[in-house]
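Everything on this sheet refers to the single structure shown next.
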Amino acid sequence: MLKDKKIIIGVTGSIAAFKVAPLIRLLTGEGAMVQVVMTPAAHDFVTPLTLATLSGQAVLTDSFNPEDGYWNSHVELGLWADLMLIVPASANTLAKMASGIADNLLLTTYLSAKCPVFFAPAMDLDMYKHPTTAQNIEKLQSYGNKMIAPTEGALASGLCGAGRMEEPENILKILREFFTKGWDFPGKKILVTAGPTFENIDPVRFIGNYSSGLMGYAIAGEFAERGGDVTLISGPVSLEKPENLQLVEVSTASEMHQECMKYFGEAEIIVMAAAVADYTPEIQAEEKIKKAGGGMVIHLKPTKDILAEMGKMKNEKQFLVGFALETEDLLANAEKKLKKKNLDLIV
């Protein structure tokens with residue numbers, strides 16, 4: 545799966561750098577061509593000689609080699625690689641990447657890379673949980689970089705928690721899966737909706753539906769894994785946010801409409817998997833409606849048809865996908881919806 549794949553391994557100053565040696569052995573064992581780029585601080589944790597021996601290539605640290613006058617071009621490195629993996633990725637390097645700082649060869653190569661970039665954080669628990677680190681990681685993911693999340697366990701400080709670099713064997717599995725799936729939506733603007741909407745009757749009651757959001761989240765996650773620049777607009781669900789995408793959370797059909805219109809114009813592929821309410825109460829009580837002896841009558845009004853509105857607005861470069869959930873005449877109703885709402889595909 546990795547035969548002849550050209551991979552840059554960027555090593556930063558972290559105690560977890562010792563794990564890079566077995567990782568390189570695994571990658572080269574599968575036929576990958578590995579070029580190691582180290583930050584100066586990484587030399588304190590693992591020797592260039594070790595990594596050069598395992599990779600079969602001289603390790604690069606500086607842009608200029610004073611011994612032979614050779615220039616290590618970060619541009620050429622960025623063009624050469626099929627994938628760049630920064631492992632371990634220290635808090636310091638993540639901060640520099642997020643800020644566009646280019647004060648060493650690894651960082652200039654990152655900024656020049658034309659290939660997918662993965663990073664595997666490794667640091668102490670409190671550093672990983674710090675808001676600044678979280679913001680840096682979120683920013684890097686918003687650029688399309690993919691994080692190989694750290695695991696929980698014993699850390700070098702003696703603490704126990706999140707911050708351990710993922711094991712080399714698992715990193716290999718992730719890279720195998722990535723190259724198997726391909727990278728067929730690089731940079732494409734993708735809009736996906738998911739989950740239900742809740743239409744408030746009063747502060748404690750609402751009209752909803754059984755949508756879990758699982759399908760929309762799976763679709764959004766798959767697009768992101770394959771290089772898409774994904775925005776996921778989600779109703780209330782109990783699911784973890786997929787990696788490498790922008791999540792916009794809404795509650796009501798009105799909020800869903802507002803956010804969809806905000807992101808629709810720039811989207812190239814739109815997948816409307818959310819179960820948006822067709823009706824909403826005409827009046828939403830400001831206080832809880834007390835139980836009385838008689839029944840309750842709720843007057844409903846239709847919500848805006850987001851999919852139909854998109855169908856009218858979409859241009860020839862946009863691809864619009866809708867869903868049909870029916871209890872009878874499924875194919876006939878789906879075909880009718882496909883044509884009526886000017887969809888390109890209906891599921």
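For the sequence shown, the working numbering begins at 545 and goes up steadily by one. Beta carbons: idealized from backbone N, C-alpha and C, even for Gly. The model shown is predicted, which means the values in this text are computed figures rather than measured ones.
Between the CA atoms of residue j and residue i - distance to the nearest angstrom
{"i": "Asn744", "j": "Ile551", "result": "52 Å"}
{"i": "Ile850", "j": "Asp822", "result": "10 Å"}
{"i": "Phe589", "j": "Gly622", "result": "25 Å"}
{"i": "Asn886", "j": "Gly866", "result": "10 Å"}
{"i": "Lys834", "j": "Val841", "result": "13 Å"}
{"i": "Leu649", "j": "Leu889", "result": "46 Å"}
{"i": "Cys659", "j": "His843", "result": "55 Å"}
{"i": "Lys848", "j": "Leu783", "result": "26 Å"}
{"i": "Asp773", "j": "Lys845", "result": "35 Å"}
{"i": "Leu776", "j": "Leu593", "result": "45 Å"}
{"i": "Val564", "j": "Ile692", "result": "14 Å"}
{"i": "His801", "j": "Ala586", "result": "49 Å"}
{"i": "Lys883", "j": "Met805", "result": "21 Å"}
{"i": "Ala852", "j": "Ala678", "result": "38 Å"}
{"i": "Gly809", "j": "Ala817", "result": "18 Å"}
{"i": "Lys880", "j": "Ala868", "result": "10 Å"}
{"i": "Thr724", "j": "Ala762", "result": "18 Å"}
{"i": "Ala666", "j": "Thr695", "result": "9 Å"}
{"i": "Ile813", "j": "Ala642", "result": "27 Å"}
{"i": "Ile553", "j": "Leu546", "result": "14 Å"}
{"i": "Tyr807", "j": "Thr591", "result": "48 Å"}
{"i": "Ile751", "j": "Thr824", "result": "8 Å"}
{"i": "Lys640", "j": "Asn680", "result": "9 Å"}
{"i": "Pro584", "j": "Ala635", "result": "15 Å"}
{"i": "Val792", "j": "Gly771", "result": "19 Å"}
{"i": "Pro740", "j": "Pro566", "result": "46 Å"}
{"i": "Lys717", "j": "Phe662", "result": "13 Å"}
{"i": "Trp624", "j": "Val736", "result": "33 Å"}
{"i": "Ala878", "j": "Leu864", "result": "14 Å"}
{"i": "Gln862", "j": "Leu595", "result": "47 Å"}
{"i": "Gln790", "j": "Gln601", "result": "38 Å"}
{"i": "Glu682", "j": "Arg749", "result": "34 Å"}
{"i": "Asp670", "j": "Gly839", "result": "55 Å"}
{"i": "Ser617", "j": "Gln579", "result": "13 Å"}
{"i": "Gly702", "j": "Tyr672", "result": "15 Å"}
{"i": "Ile734", "j": "His674", "result": "30 Å"}
{"i": "Val891", "j": "Met577", "result": "42 Å"}
Proximity test, Cβ basis, 7 Å: residue i and chain C
{"i": "Gly575", "result": "No chain C is part of this structure, which consists of one protein chain only."}
Buried/exposed call for residue i, threshold 16 Cβ in 10 Å
{"i": "Val820", "result": "buried"}
{"i": "Ser599", "result": "buried"}
{"i": "Ala627", "result": "The sequence given here places Leu at residue 627; Ala does not occur at that position. By the 10 Å Cβ count, Leu627 comes out buried."}
{"i": "Cys704", "result": "exposed"}
{"i": "Pro747", "result": "exposed"}
{"i": "Leu874", "result": "exposed"}
{"i": "Phe562", "result": "exposed"}
{"i": "Glu721", "result": "exposed"}
{"i": "Thr871", "result": "exposed"}
{"i": "Ala876", "result": "exposed"}
{"i": "Ala836", "result": "exposed"}
{"i": "Tyr754", "result": "exposed"}
{"i": "Ala657", "result": "buried"}
{"i": "Val619", "result": "exposed"}
{"i": "Ser686", "result": "exposed"}
{"i": "Thr597", "result": "exposed"}
{"i": "Asp668", "result": "buried"}
{"i": "Lys832", "result": "exposed"}
{"i": "Leu803", "result": "For the record, residue 803 in the displayed sequence is Glu; it is not Leu. The residue is buried, with at least 16 neighbouring Cβ atoms inside 10 Å."}
{"i": "Lys690", "result": "buried"}
Anticipated Cβ contact below 8 Å, residue i with residue j, distance rounded
{"i": "Gly893", "j": "Gly688", "result": "Nothing can be reported for residue 893: it is not among the residues displayed for the chain, which extend from 545 to 891."}
{"i": "Val581", "j": "Thr653", "result": "6 Å"}
{"i": "Arg708", "j": "Gly726", "result": "About 30 Å separates the two Cβ atoms, so there is no contact after all."}
{"i": "Leu719", "j": "Leu684", "result": "Actually they do not touch by this definition, with Cβ atoms about 18 Å apart."}
{"i": "Thr556", "j": "Ile630", "result": "7 Å"}
{"i": "Ala811", "j": "Glu787", "result": "About 20 Å; that fails the 8 Å criterion."}
{"i": "Ala706", "j": "Ala664", "result": "In fact, because the Cβ distance is near 13 Å, the residues do not count as touching under 8 Å."}
{"i": "Pro780", "j": "Phe729", "result": "So it is not a contact: roughly 28 Å between Cβ atoms."}
{"i": "Ala700", "j": "Ile559", "result": "5 Å"}
{"i": "Asp606", "j": "Gly575", "result": "At roughly 29 Å, the Cβ-Cβ gap does not stay under 8 Å, so Asp606 and Gly575 are not in contact."}
beta-carbon residue i near the ligand NAP non-hydrogen atom, thresh 6 Å
{"i": "His618", "result": "In the structure shown, the ligand NAP is absent, as is every other ligand, since no ligand is present at all."}
Query raised in the report: Is the region 701–714 close to the region 563–570, with three or more CB pairs under 8 Å?
Result: Counting C-beta pairs closer than 8 Å gives three or more between the region 701–714 and the region 563–570, which meets the contact rule.
Query raised in the report: Considering only residues of the region 660–694, which uninterrupted alpha helix (DSSP H) runs meet the minimum length of 4 residues and lie entirely inside it, listed in chain order?
Result: Within the region 660–694, the complete alpha helix (DSSP H) runs of at least 4 residues are 669–673, 675–686.
Requested in this report: Could I get the ranges of all uninterrupted alpha helix (DSSP H) runs contained in the region 765–808, with 4 residues as the minimum, in chain order?
Outcome: The qualifying runs are 797–808.
Requested in this report: Counting only runs of 3+ residues fully inside the region 579–663, write out the beta strand (DSSP E) ranges in chain order.
Outcome: Listed in chain order, the complete beta strand (DSSP E) runs (minimum 3 residues) inside the region 579–663 are 627–633.
Requested in this report: Would you list, in sequence order, the uninterrupted alpha helix (DSSP H) runs of no fewer than 4 residues that lie entirely inside the region 794–874?
Outcome: At a cut-off of 4 residues, the continuous stretches assigned as alpha helix (DSSP H) that sit fully inside the region 794–874 are 797–808, 850–857.
Query - Cβ contact check for the region 857–866 and the region 826–833: 3 or more pairs under 8 Å - result: Using a C-beta cut-off of 8 Å, the region 857–866 makes no contact with the region 826–833, since fewer than three inter-stretch Cβ pairs fall below that distance.
Query raised in the report: Should the region 756–765 be called in touch with the region 794–809, which here means at least 3 C-beta pairs below 8 Å?
Result: Using a C-beta cut-off of 8 Å, the region 756–765 makes no contact with the region 794–809, since fewer than three inter-stretch Cβ pairs fall below that distance.
Query raised in the report: Hey, which unbroken runs of the beta strand (DSSP E) at 3 residues or more fall wholly within the region 691–762?
Result: The DSSP assignment places complete beta strand (DSSP E) segments of no fewer than 3 residues inside the region 691–762 at 695–698, 704–708, 733–738, 743–746, 749–751, in order along the chain.
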